[in-house]
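These notes concern the structure reproduced below.
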Amino acid sequence: MSLIDDLLARNRQFASSFSQGGLPASPRLHLAVVACMDARMDVFAILGLEPGDAQVIRNAGGMVSDDVLRSLVVSQWVSGTEEIVLLHHTDCGMTKFDEGQLTAEVAAHAGGPLRYRLRAFPDPEADLLSSVVGLRNAPELRHRDRIRGFLYDVTSGGLREVG
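Count along the sequence shown starting at 1, add 27, and that's the number in the working numbering.
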């Protein structure tokens, strides 16, 4: 059995006892969270959230890319979110590779140039601060006054506000 087959079996178990069908599509806390995709980060547990509380957008590094901004615009204009939490973390994989070298390797494997930048960064705190400032200056967003950034410590589980 493949891992995906195992996941499907787990889903059948989950679905057999599913009881959250009545949750509204708009988040109860009017909150959007942008976080890194690192498997060590259980965003709901870290922030004490329950299903239905927030919309969570994840990618490598918790980057505020054009697609993340697009999702936040939809989140605010359609789903009614009013606050944004950005969540980066210590020991991030985005600090552990040379962007130029990896870009060249992936492009060679793909047979052509990448359509995007990998956007490695040396300092998660500096990238987080830049992301917070960038969102606070994004005119497309309805609510720019309640955007806060936090650095999650993967060894202690604690959060430290940045920006």
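For each residue, glycine too, the CB sits at the ideal point set by N, CA and C.
Taking 8 angstroms as the limit between beta carbons, can you name the residues of its chain near residue i, skipping five residues before and five after?
{"i": "residue 19", "result": "Look at the range of the chain in this structure, 28 to 190, and you will see that residue 19 is not part of it."}
{"i": "residue 130", "result": "141, 144 and 145"}
Are residue i and residue j close, meaning C-beta to C-beta below 8 angstroms?
{"i": "residue 116", "j": "residue 64", "result": "no"}
{"i": "residue 204", "j": "residue 114", "result": "Lying before the first or after the last residue shown, residue 204 is absent from the chain, which here runs from 28 to 190."}
{"i": "residue 81", "j": "residue 62", "result": "no"}
{"i": "residue 178", "j": "residue 152", "result": "yes"}
{"i": "residue 96", "j": "residue 167", "result": "yes"}
{"i": "residue 181", "j": "residue 155", "result": "no"}
{"i": "residue 146", "j": "residue 88", "result": "yes"}
For residue i, which residues does DSSP report across the bridge?
{"i": "residue 84", "result": "61"}
{"i": "residue 114", "result": "62 and 177"}
Take residue i and list the residues in its own chain whose beta-carbon comes closer than 7 angstroms to its own, dropping the five residues that flank it on each side.
{"i": "residue 140", "result": "134"}
{"i": "residue 91", "result": "61, 158, 161 and 162"}
{"i": "residue 149", "result": "122"}
Which one of the options has the shortest CA to CA distance from residue i?
{"i": "residue 169", "options": "120, 112 and 102", "result": "102"}
{"i": "residue 174", "options": "30, 110, 87 and 73", "result": "110"}
{"i": "residue 172", "options": "34, 108 and 93", "result": "108"}
{"i": "residue 112", "options": "33, 74 and 41", "result": "74"}
{"i": "residue 57", "options": "127, 138, 105 and 128", "result": "105"}
{"i": "residue 184", "options": "31, 36, 137 and 72", "result": "72"}
{"i": "residue 119", "options": "43, 138 and 86", "result": "86"}
{"i": "residue 165", "options": "35, 93 and 33", "result": "93"}
In chain order, what residues of the same chain have a beta carbon less than 6 angstroms from the beta carbon of residue i, not counting five sequence neighbours either side?
{"i": "residue 176", "result": "113, 155, 159, 189 and 190"}
message: List, from N- to C-terminal side, the beta strand (DSSP E) runs of 3 residues or more that fit wholly inside the stretch 125 to 189.
response: 174 to 179 and 186 to 189
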